[in-house]
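Asker: Can you keep this structure in mind? I'll have questions shortly.
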């Protein structure tokens, strides 16, 4: 027998959820980092704040931004972005573009080649180290140490390093190096398409840098050692921001929650648009994300986003807000838009404040 009951909250109404429209995913990462630091200065510890995402790779640019600003964080639900082996592989290539004498990075890249283990990589590296003059000029001596089948892919990497040496733009250099690494990723990993999407995010972040060397230095990571590295336990400060997939966040709450990438095609995902049941499941997942916030909720919609159709090539697309963010939902939020759609100067404009409960958004 059910007993009639009525629940009431002792908590008073707070601020309305914020719906933040960002120029792109880089602007989204910068905006979240700004708000996290502002909240910390107002007395809210980092560990009382969380950034939630639908899938682990949605947080790639945010992790890069947090690392650049030296904001400590821990991630639940997938590897930390900078600890993934394929990301370290591309960073090693970035290092070689600035310093061809970096033996550790050479050792890592050479072992990505099929049939090349530590011993073969050591022989090829010795040929480079003992050669007089510029390292890339000594490549023919190192090349003969590699298996015949591995040489064409290795030649592609060397060609990219030479071309990158003649470029000054960080974005162009990163694009050249990333393109040369893609065949190695395809040959080495069964889930290459997902890994290439991760690398696209790293390349996109590099485009914002003044120099590729500065970009790598700003990441503040340890030098890579081998392509078989696994992510160890994160280094934690006394205080740290929480990054989590929404599935891993079930049952948890934070004072402030930032929900990333709420555009159609990502939330709900394209693959989930085939049936009413999957759409309903995506809606419930967003409900879980939004109800993790005790005091402040920030929802982010990047207007321009990066994607790799079918894992073949990368491109940028322009999307609309998630279909779950209907006009009625948006009327319940504080709307934050960049004053300039191309260059966000002060996005905290055009605000409407309406107090509403989260449950009413899904009625």
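Numbering (the numbering used here), first residue to last: 9 to 371. Positions of the beta carbon are idealized from the N, C-alpha and C atoms, including for glycine. Remember, it's a predicted structure, so these values are computed and weren't measured experimentally.
(1) From residue 26 to residue 339, what distance separates their C-alpha atoms?
(2) For a minimum of 3 consecutive residues, which ranges assigned as the beta strand (DSSP E) are wholly contained in the segment 250 to 285?
(3) Going by other Cβ atoms of all chains shown within 10 Å of its Cβ, with 16 needed for buried, is residue 283 buried or exposed?
(4) Buried or exposed: which applies to residue 70, given that a residue is buried once 16 or more other Cβ atoms fall within 10 Å of its Cβ?
(5) Within 10 angstroms of the Cβ of residue 185, are there 16 or more other Cβ atoms? Answer buried if so, exposed if not.
(6) Can you tell me whether residue 343 is helix, strand or coil according to DSSP?
(7) Taking the beta strand (DSSP E) that residue 60 belongs to, which residues open and close that run?
(8) Considering only their Cβ atoms, is the gap separating residue 144 from residue 169 smaller than 8 Å?
(9) For residue 218 and residue 149, what's the separation of their Cα atoms in angstroms?
(10) Under 8 Å, do residue 129 and residue 249 count as touching if we go by C-beta distance?
(11) Three Cβ pairs or more, each shorter than 8 Å: is that satisfied between the segment 75 to 89 and the segment 162 to 180?
(12) Going by other Cβ atoms of all chains shown within 10 Å of its Cβ, with 16 needed for buried, is residue 278 buried or exposed?
(13) If contact is defined by three or more beta carbon pairs under 8 Å, each pair taking one atom from either stretch, is the segment 90 to 97 in contact with the segment 260 to 270?
(14) Helix, strand or coil for residue 208? Go by DSSP, reduced to three states.
(15) By the DSSP assignment, the beta strand (DSSP E) with residue 20 in it spans what residues?
(16) Quick check on residue 217: does DSSP put it in helix, strand or coil?
(17) Which class does residue 196 belong to by DSSP, given the choice of helix, strand or coil?
(18) What residue range is occupied by the uninterrupted beta strand (DSSP E) comprising residue 27?
(19) By the DSSP assignment, the beta strand (DSSP E) with residue 332 in it spans what residues?
(20) Identify the residues that DSSP records as bridge partners of residue 81: which are they?
(21) Excluding the 5 residues flanking residue 100 on each side, which residues of the same chain have their C-beta closer than 7 Å to its C-beta?
(22) For residue 124, which of helix, strand or coil comes out of DSSP?
(23) For residue 115, report the span of its alpha helix (DSSP H) as first-last.
(24) Can you find the residues in the same chain that come closer than 6 Å, C-beta to C-beta, to residue 84, ignoring five residues on each side of it along the sequence?
(25) Whose CA, out of 328, 137, 337 and 308, lies closest to the CA of residue 37?
(26) Does the contact criterion of 3 or more C-beta pairs under 8 Å hold for the segment 264 to 275 versus the segment 288 to 303?
(27) Using only alpha-carbon positions, find the residue among 74, 135 and 56 that is nearest to residue 39.
(28) Express the C-alpha separation of residue 34 and residue 190 in angstroms, rounding to a whole number.
(29) May I have the straight-line CA-CA distance separating residue 136 from residue 147, to the nearest angstrom?
(30) List the residues that DSSP assigns as beta-bridge partners of residue 309.
(31) Considering only the alpha carbon of each residue, which of 225, 13, 51 and 61 lies closest to residue 306?
(32) Between which two residues does the alpha helix (DSSP H) harbouring residue 106 extend?
(33) Report, in whole angstroms, the separation of the C-beta atoms of residue 272 and residue 330, which I expect to be a contact under 8 Å.
(34) Opposite residue 295 in the DSSP bridges: which residues?
(35) Cutting at 6 Å between CB atoms, please list the residues of its own chain near residue 123, excluding the five before and the five after it.
(36) Do residue 95 and residue 210 come within 8 Å of each other at the CB atom, strictly closer than that value?
Answerer: On the basis of the data shown:
(1) As a working mapping, residue 26 is identified with position 18 in the chain shown. As a working mapping, residue 339 is identified with position 331 in the chain shown. Approximately 11 Å between the Cα atoms of the pair.
(2) Whole beta strand (DSSP E) segments, 3+ residues: 262 to 267.
(3) Here residue 283 refers to the residue found at position 275 of the chain shown. Counting Cβ neighbours within 10 Å, residue 283 comes out exposed, since fewer than 16 surround it.
(4) Translated into positions along the chain shown, residue 70 becomes position 62. Looking at its Cβ environment, which holds 16 or more other Cβ atoms inside 10 Å, residue 70 is buried.
(5) Locating residue 185 in the chain shown gives position 177, counting from the first residue. That one is buried.
(6) Position 335 of the chain shown, counted from the start, is the residue given in the question as residue 343. Residue 343 sits in a strand when the DSSP states are folded into three classes.
(7) Within the chain shown, residue 60 is the residue found at index 52, counting from 1. Counting along the chain, the beta strand (DSSP E) containing residue 60 begins and ends at 57 to 61.
(8) Your numbering for residue 169 matches position 161 in the chain shown. Your numbering for residue 144 matches position 136 in the chain shown. Result yes, Cβ atoms of residue 169 and residue 144 sit closer than 8 Å.
(9) Translated into positions along the chain shown, residue 218 becomes position 210. Translated into positions along the chain shown, residue 149 becomes position 141. Their backbone Cα atoms lie some 34 Å apart in a straight line.
(10) As a working mapping, residue 129 is identified with position 121 in the chain shown. As a working mapping, residue 249 is identified with position 241 in the chain shown. Result no, Cβ atoms of residue 129 and residue 249 do not sit closer than 8 Å.
(11) Verdict: no, contact absent.
(12) Start at 1 with the first residue of the chain shown, and residue 278 comes out as number 270. So residue 278 counts as exposed.
(13) no
(14) Residue mapping note: residue 208 aligns to position 200 of the chain shown, counting from 1. Annotated three-state conformation of residue 208 is helix, per DSSP.
(15) Numbered from 1 along the chain shown, position 12 holds the residue referred to as residue 20. Segment: none, residue 20 is in no beta strand (DSSP E) and carries neither H nor E.
(16) In the chain shown, residue 217 corresponds to position 209, counting from 1. Coil.
(17) To locate residue 196, count along the chain shown from 1; it is residue 188. Annotated three-state conformation of residue 196 is helix, per DSSP.
(18) Working through the chain shown from its first residue, we reach residue 27 at position 19. Residues 26 to 32.
(19) Sequence index remark: in the chain shown, residue 332 carries index 324 (1-based). Run containing residue 332: none; DSSP gives neither H nor E here.
(20) Counting from one through the chain shown, the residue named residue 81 turns up at place 73. Per DSSP, 249.
(21) For this step, residue 100 is matched to residue 92 along the chain shown. Excluding sequence neighbours, residue 100 sits near 113, 116, 117 and 232.
(22) Here residue 124 refers to the residue found at position 116 when the chain shown is read from its first residue. Here residue 124 sits in coil by DSSP.
(23) Position 107 of the chain shown, counting from 1, holds the residue named residue 115. Taken as a continuous stretch (DSSP letters only), the alpha helix (DSSP H) holding residue 115 covers 111 to 118.
(24) Within the chain shown, numbered from 1, the residue matching residue 84 stands at position 76. Cβ neighbours of residue 84 beyond the five flanking positions: 252 and 256.
(25) The residue you call residue 37 lines up with position 29 of the chain shown. Ranking 328, 137, 337 and 308 by Cα distance to residue 37 puts 308 first.
(26) yes
(27) Position 31 of the chain shown holds residue 39. Cα-wise, what sits closest to residue 39 is 74.
(28) Position 182 of the chain shown, counted from the first residue, corresponds to residue 190. Position 26 of the chain shown, counted from the first residue, corresponds to residue 34. One C-alpha to the other measures close to 22 Å.
(29) For the purposes of this step, residue 136 is taken as the residue at position 128 of the chain shown. For the purposes of this step, residue 147 is taken as the residue at position 139 of the chain shown. If you draw a straight line from the Cα of residue 136 to the Cα of residue 147, it comes to about 7 Å.
(30) For this step, residue 309 is matched to residue 301 along the chain shown. Paired residue(s): 29.
(31) What you label residue 306 is simply residue 298 of the chain shown in a count that begins at 1. Of 225, 13, 51 and 61, the residue nearest in Cα terms is 61.
(32) Residue mapping note: residue 106 aligns to position 98 of the chain shown, counting from 1. Residues 93 to 106.
(33) In the chain shown, the residue the question calls residue 272 occupies position 264. In the chain shown, the residue the question calls residue 330 occupies position 322. Indeed, because the Cβ distance is near 6 Å, the residues count as touching under 8 Å.
(34) Locating residue 295 in the chain shown gives position 287, counting from the first residue. DSSP lists no partner for residue 295.
(35) Mapped onto the chain shown, residue 123 falls at position 115. Taking residue 123 as the centre and dropping the five residues before and after it, the same chain places the C-beta of 155 and 158 closer than 6 Å to its C-beta, in chain order.
(36) The sequence position of residue 210 within the chain shown is 202, counting from 1. The sequence position of residue 95 within the chain shown is 87, counting from 1. Contact: yes.
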